[in-house]
């Protein structure tokens with residue numbers, strides 16, 4: 001009889017240890033996911049903030065180009081004046097469209113939302129750390145409560161991109177360095193093209209006008 005009781009106690013203790021081990025594992029995994037999400041949100045806010053600053057400078061540059069060309073061709077007439085008017089019209093429309101595009105993309109406000117979100121995740125991480133340092137009992141209900149808090153902070157919020165996750169820590173940067181390089185190369189090429197857009201547009205209009213002159217001669 002005593003042997004049966006001892007065996008039952010051993011089985012109960014083993015079950016209890018397995019349960020505690022599972023809870024502890026899930027708790028550590030939750031904290032790891034929260035930290036990974038927080039760091040990715042930080043990278044997302046930095047990425048959007050950089051885009052906003054860059055495109056804001058480009059908008060000012062476009063406005064300056066339009067202003068300079070408007071003054072430069074102010075008293076032009078004839079064919080030159082007509083071409084200048086067309087160039088200025090296209091540039092003005094492009095500037096308007098670009099401004100509308102930036103307004104729709106809303107980089108600055110989205111960056112602010114990400115910053116607010118990762119600060120809230122910071123609070124949750126600190127709460128978990130205080131719980132652990134207080135030597136409080138970790139049970140299934142406590143774990144679920146932390147999981148619900150984490151879910152509330154990410155549900156309904158804009159998610160970060162894969163690139164934000166790739167560059168969120170050193171291990172990821174090493175693991176996904178090829179994908180990061182491709183992304184950065186695309187971004188640099190796009191930024192250069194956007195910066196050179198007014199010049200490229202003027203060249204295209206000049207070439208088109210020259211082509212039309214040649215065609216009209218025949």
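Residue numbers (UniProt numbering): 1 to 218.
Even glycine gets a Cβ: it sits at the ideal position worked out from N, Cα and C.
Owing to the predicted nature of the structure, the values given are computational and were not obtained by experimental measurement.
task: List the whole-angstrom C-beta distance separating residue 41 from residue 121, where the pair is believed to meet the contact cut-off of C-beta under 8 Å.
output: If you number the chain shown from 1, residue 41 lands on position 41. If you number the chain shown from 1, residue 121 lands on position 121. Confirmed, Cβ separation roughly 7 Å.
- request: Report, in whole angstroms, the separation of the C-beta atoms of residue 143 and residue 23, which I expect to be a contact under 8 Å.
  value: By one-based count along the chain shown, residue 143 stands at place 143. By one-based count along the chain shown, residue 23 stands at place 23. Correct: roughly 6 Å between the Cβ atoms.
- prompt: If you run the structure through DSSP and keep just helix, strand and coil, what is residue 37?
  reply: Along the chain shown, one-based indexing puts residue 37 at 37. Helix at residue 37.
Residue 198 to residue 75 span [Cα, whole Å]: Residue mapping note: residue 198 aligns to position 198 of the chain shown, counting from 1. Residue mapping note: residue 75 aligns to position 75 of the chain shown, counting from 1. For residue 198 and residue 75, the distance between alpha carbons rounds to 21 Å.
query: Could you give the residue range of the alpha helix (DSSP H) that holds residue 125?
result: Here residue 125 corresponds to residue number 125 of the chain shown, with the count starting at 1. Run containing residue 125: 107-133, per the alpha helix (DSSP H) assignment.
query: From residue 181 to residue 112, what distance separates their C-alpha atoms?
result: By one-based count along the chain shown, residue 181 stands at place 181. By one-based count along the chain shown, residue 112 stands at place 112. Using only the alpha carbons, I get a separation of about 26 Å.
query: Near residue 90, which residues of its chain fall below 8 Å by C-beta distance, leaving aside the five closest residues on each side in sequence?
result: On the chain shown, residue 90 is found 90 positions in, with the first residue counted as 1. So the qualifying residues of the chain are 201, 205.
task: Check whether the segment 94-101 touches the segment 57-76, taking contact to mean three or more Cβ pairs, one atom from each stretch, closer than 8 Å.
output: yes
query: So, is residue 231 buried or exposed, given that buried needs 16 or more other C-beta atoms within 10 angstroms?
result: Since the first and last residues shown for the chain are 1 and 218, residue 231 lies out of range.
- prompt: Excluding sequence positions up to five away, which residues of its chain have a Cβ less than 7 Å from the Cβ of residue 58?
  reply: Walking along the chain shown from the start, residue 58 turns up at place 58. Counting only Cβ-Cβ distances below 7 Å, and skipping sequence neighbours, we find 194, 195.
field: DSSP-derived helix/strand/coil call for residue 73
entry: For the purposes of this step, residue 73 is taken as the residue at position 73 of the chain shown. Reduced to three states, the DSSP call for residue 73 is coil.
- prompt: In chain order, what residues of the same chain have a beta carbon less than 6 Å from the beta carbon of residue 107, not counting five sequence neighbours either side?
  reply: Mapped onto the chain shown, residue 107 falls at position 107. Excluding residues within five positions, the ones whose Cβ falls inside 6 Å are 48, 51, 52.
task: Please report how far the alpha carbon of residue 178 lies from the alpha carbon of residue 163, in whole angstroms.
output: As a first step, residue 178 is located in the chain shown; it is residue number 178 there, counting from the start. As a first step, residue 163 is located in the chain shown; it is residue number 163 there, counting from the start. The alpha-carbon atoms of residue 178 and residue 163 are separated by roughly 11 Å.
message: Pop quiz: residue 30 and residue 147 are said to be a contact at Cβ under 8 Å. What is the actual Cβ separation, rounded to whole angstroms?
response: Here residue 30 is taken as the residue at index 30 of the chain shown, counted from 1. Here residue 147 is taken as the residue at index 147 of the chain shown, counted from 1. Sure, about 6 Å apart at Cβ, within 8 Å.
query: Cβ atoms of residue 46 and residue 125: under 8 Å apart, would you say?
result: Taking the first residue of the chain shown as 1, we reach residue 125 at position 125. Taking the first residue of the chain shown as 1, we reach residue 46 at position 46. Contact: no.
DSSP-derived helix/strand/coil call for residue 157: Numbered from its first residue, the chain shown carries residue 157 at position 157. Residue state, collapsed to three classes: coil.
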